[in-house]
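Sequence order for the protein chains is D and P.
This note's numbering applies: residue 4 is where the first sequence begins, and numbers increase by one.
This note's numbering applies: residue 4 is where the second sequence begins, and numbers increase by one.
For glycine and all other residues, C-beta sits at the position ideal for the given N, C-alpha and C.
Please read all numbers here as calculations on a predicted model, not as lab measurements.
In what follows, a structure is listed as structure tokens, so that the remarks can point back to it.
There are 2 protein chains.
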Amino acid sequence: MSKVVLLLSGGIDSTVLLYYLKSLGHEVSAVTFDYGQKNWKEIKMVKLLAEKTQTPLKIFKIRNLSELAKSSLLGKEPASPNQTFFVPGRNAIFLSLATAYAQSIGAEEVVYGSTLEDYNDYPDCRPEFVENFSKAMEIAYGVKVSAPFINKSKSEIVKIGKELGVDFKLTWSCYYSGRKHCGKCPACLKRKKAFEENGILDWR
Amino acid sequence: MSKVVLLLSGGIDSTVLLYYLKSLGHEVSAVTFDYGQKNWKEIKMVKLLAEKTQTPLKIFKIRNLSELAKSSLLGKEPASPNQTFFVPGRNAIFLSLATAYAQSIGAEEVVYGSTLEDYNDYPDCRPEFVENFSKAMEIAYGVKVSAPFINKSKSEIVKIGKELGVDFKLTWSCYYSGRKHCGKCPACLKRKKAFEENGILDWR
């Protein structure tokens, strides 16, 4: 049992990770980033989730990230599922900020929700990135970085969440900020599939 | 010869590094951070230096860094040389942001001015930090991180600068933002010593 800082995005992976870390007895503080993403619903869901699970939440504004990074997750045009959703440098920036926060509150570890399915699209979700980044952070700030779900599929993560009693209504996967999940974007399709594989029909 | 991004602080180390990288034929873009530091003179000097050396300069504002980090370099009380000047997580955050910037402009490497004298006080200036951090950044974003002066003393760096014709009047070391260097704070004492060892008497 230790004090950890979790990067919480409002999606399935980091939400299940929150419940998972708490089930292991860890004291979890959450951090989320308001980086001018179009999907404002993410932040709304993170706030609800933190409230419901009584998790201390730090929202860190880094609005000018768009000056550095060009991606369809940022900016004013409507998001398109066909565009690339990689924000250059995003995980390293978020993990560095979370590490500084961890150090300031005396947490031993920063945890984030990379999964097996992020591997191909996001090089900063790969085990060799986590290993080297964690070594650097431990040398410099005495804080480790880990991604406990890095070898798990979304279906396996939903299974863990189901067992831990996660309220999936508090998670958001869709690229759009509608009232309900759109059901058509790649994130919705993945969500639906993982839920169906676990016998959950009410996947929205 | 390649395209590199340099973290420029306005101090001797990163200034000499700028001249050094240019002397090797590299195409240098500079980035500096306005993180609410008391020493506003740093940013003023960086601007002058970039102008004089015709170096493209990106100033990245990250004013809310103080929410994460507690240090006497931040905040409203007057700086005292006896306080700790370590901003937790600072180099990792700056290097991550610089890496994102490097990737967005197609630069191959991020360079910063850690020196032998930073070793004891700043763990994020040590070779083993740079090595692991660089590996992580290369895996994730295809950008290397290096610190060419990591094994050099300030006196050696001043020597290199002298040979390269650095205008040291454009560098600022003092903890305070006075008209001249105060001559009494630890940074001034180090500066003076390094200049004297190189026969430079007009060290302010």
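C-alpha gap between residue i and residue j, whole angstroms
i	j	result
D:G186	D:R207	8 Å
P:L52	D:D121	42 Å
P:T174	P:L68	24 Å
P:T118	D:K64	32 Å
P:T58	P:S158	25 Å
D:I15	P:S137	31 Å
P:G109	P:G164	28 Å
D:I160	D:F152	8 Å
P:Y144	D:R129	12 Å
P:Y38	D:I62	18 Å
D:K50	D:L60	8 Å
P:A82	P:G13	Low per-residue confidence applies at P:A82: pLDDT is 44, beneath 50, and the placement is therefore not dependable enough to give any value.
D:K172	D:S107	32 Å
P:C191	D:L24	48 Å
P:C188	P:E45	16 Å
P:N201	P:K155	14 Å
D:K195	D:Y178	14 Å
D:N123	P:M4	31 Å
D:K162	D:S26	15 Å
D:L100	P:F198	36 Å
D:T56	D:H184	23 Å
P:D244	P:A150	Given a span of 4 to 207 for chain P in the structure shown, any question on residue 244 of chain P remains unanswerable.
D:E54	D:F36	17 Å
D:R66	P:R66	11 Å
Contact belief for residue i with residue j at Cβ below 8 Å, rounded distance in angstroms
i	j	result
D:V133	D:V148	6 Å
D:Y104	D:V8	6 Å
P:W43	P:S180	6 Å
P:N210	D:N135	Chain P is shown only over 4 to 207; residue 210 of chain P falls outside these bounds and no answer can be derived.
D:K193	D:E111	The pair is not a contact, with the Cβ atoms about 32 Å apart (cut-off 8 Å).
P:L21	P:V31	6 Å
P:V169	P:V19	6 Å
P:G92	D:T102	5 Å
D:I203	P:E131	Actually they do not touch by this definition, with Cβ atoms about 46 Å apart.
Burial state of residue i, where buried means 16 or more other Cβ atoms lie within 10 Å
i	result
D:I96	buried
D:R182	exposed
D:N85	At D:N85, the pLDDT of 37 sits below 50, so the modelled position is not reliable and the matter cannot be decided from this model.
P:D127	buried
D:K47	exposed
P:G116	buried
D:M140	buried
D:L167	exposed
D:L98	buried
P:S17	buried
P:L11	buried
C-beta neighbour in chain A for residue i, strict 9 Å
i	result
D:L68	Protein chains D and P are contained in the structure displayed, whereas chain A is not.
If you scan the region 99-180 of chain P from start to end, which runs of the alpha helix (DSSP H) of 4 or more residues do you find wholly inside it?
-> DSSP assignment within the region 99-180 of chain P yields the following whole alpha helix (DSSP H) runs of 4 residues or more, N-terminal first: 130-144 and 157-166.
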